[in-house]
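If you read the sequence shown in my numbering, its first letter stands for residue 2, the second for the next number, and so on.
Built from N, CA and C at the ideal position, the CB exists for glycine as well.
This report concerns only the one structure given below.
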Amino acid sequence: MSRPHRLIGAAVATTAMALLCTVAPSAASPGRDAACTAPAGPYQRQLEQHLGLPVDGRQSDADCRAIRSFQTEQGRPHPDGLADLGTYRAMLVVEATPNPNAAGNCPVESGRVACVDMDRQLLWVQKGKKVVFGPVPIRTGRDAEETRPGRHTIYWRDRDHVSDLYDDAPMPYSQFFDGGQALHGHPGDLYDGGGSAGCVNLTVDDAAKLWDLLALDDVVYVWGVKPGTAG
Numbered sequence: 002m003s004r005p006h007r008l009i010g011a012a013v014a015t016t017a018m019a020l021l022c023t024v025a026p027s028a029a030s031p032g033r034d035a036a037c038t039a040p041a042g043p044y045q046r047q048l049e050q051h052l053g054l055p056v057d058g059r060q061s062d063a064d065c066r067a068i069r070s071f072q073t074e075q076g077r078p079h080p081d082g083l084a085d086l087g088t089y090r091a092m093l094v095v096e097a098t099p100n101p102n103a104a105g106n107c108p109v110e111s112g113r114v115a116c117v118d119m120d121r122q123l124l125w126v127q128k129g130k131k132v133v134f135g136p137v138p139i140r141t142g143r144d145a146e147e148t149r150p151g152r153h154t155i156y157w158r159d160r161d162h163v164s165d166l167y168d169d170a171p172m173p174y175s176q177f178f179d180g181g182q183a184l185h186g187h188p189g190d191l192y193d194g195g196g197s198a199g200c201v202n203l204t205v206d207d208a209a210k211l212w213d214l215l216a217l218d219d220v221v222y223v224w225g226v227k228p229g230t231a232g
């Protein structure tokens, strides 16, 4: 190929790549002007209140678009304007972030404390009064297999643990604090409406960060009741 042809080929390739980069974002998420047709979701009123919308539990076009924008900002997959469980959990994280321990439920100690709030399904780590990690969303034990409340300490860590009770289910970044109950990553959906078998599930990314932060003998403090369980 001659030099002019090489230059033309390079220009065409550059233009094609630019077009791909331009098109990719719109394929990943709907544009602001795209129709928003999701119905009212189970957490409609909570999202309406959080977003400063009229709180009536009915989905309007403005509601749908505002919820969809919030989902996009929070990195929710497939933002569609539906006020579902995952969107509600993201809302709780946003509301808690300025001061997750405002109610004082997690003890303030000189060392690190992993605070497990089952009421709001949140976890954060504090050292003294300073929050050093989170809050992040979690999933605790389902009904009859609730995560045990109280003050615990991490007694065993296994980065690549698999369950010997539940068909070799992967439990990456496991940090055990009470018998078989551990903080660990969950490769699946935290927001499927169910619960764990007693462990505290996090996203794998959050579990990896928590693994790097915590150590043996660090405190795990659990309180509250997971919504939908008897406690």
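Whole-angstrom C-beta distance between residue j and residue i, which should lie under 8 Å
i	j	result
Ser-197	Arg-140	6 Å
Thr-117	Val-205	Reading off the sequence, residue 117 comes out as Val, not Thr. Between Val-205 and Val-117 the Cβ distance is about 18 Å, and since that is not below 8 Å, they are no contact.
Asp-62	Cys-37	6 Å
Residues near residue i by beta carbon distance below 8 Å, same chain, minus five either side
i	result
Val-95	His-51 and Gln-75
Residue i, buried or exposed, once every other Cβ within 10 Å from all chains shown has been counted against 16
i	result
Arg-59	exposed
Val-109	exposed
Pro-101	buried
Leu-203	buried
Trp-125	buried
Val-223	buried
Trp-212	buried
Tyr-156	exposed
7 Å CB neighbourhood of residue i in its chain, flanking five on each side removed
i	result
Ala-28	Legend: pLDDT at Ala-28 = 39, less than 50; position of this residue unreliable, value from coordinates given subsequently. Within the same chain, Ala-28 has no close Cβ partners at all.
Gly-1	Here the chain has residues from 2 to 232 only, and residue 1 is not among them.
Arg-121	Leu-93 and Ala-97
Ala-103	none
Close-in-space but distant-in-sequence residues of the same chain around residue i (CB under 6 Å, 5 per side omitted)
i	result
Asp-207	Val-137
His-153	Phe-178, Asp-179 and Val-221
Below-9 Å beta-carbon distance, residue i vs any chain D residue
i	result
Asp-193	Reference to chain D is not applicable here, since this structure consists of a single protein chain.
Inside the segment 188 to 231 only - beta strand (DSSP E) runs reaching at least 3 residues: Here the runs fully enclosed are 201 to 203 and 220 to 224.
Stretch pair the segment 144 to 164 + the segment 212 to 228: three plus CB contacts closer than 8 Å: With the cut-off at 8 Å, the segment 144 to 164 and the segment 212 to 228 touch.
Inside the segment 27 to 61 only - alpha helix (DSSP H) runs reaching at least 4 residues: As far as the segment 27 to 61 is concerned, its whole alpha helix (DSSP H) runs of at least 4 residues are 45 to 51.
The segment 126 to 133 contacting the segment 178 to 194, beta-carbon criterion three pairs below 8 Å: Taking 8 Å as the limit for Cβ pairs, the verdict is that the segment 178 to 194 does not touch the segment 126 to 133.
Validate contact between the segment 105 to 115 and the segment 209 to 226 using beta carbons, cut 8 Å, 3 pairs: Touching, yes.
Unbroken stretches of the beta strand (DSSP E), 3 residues or longer, contained in the segment 53 to 133: Counting whole runs of 3 or more residues, the segment 53 to 133 contains the beta strand (DSSP E) stretches 113 to 118 and 123 to 128.
Segments of 3+ residues assigned as beta strand (DSSP E) that fall wholly inside the segment 136 to 193: List check, beta strand (DSSP E) in window: 151 to 154, 157 to 163, 171 to 179 and 182 to 186.
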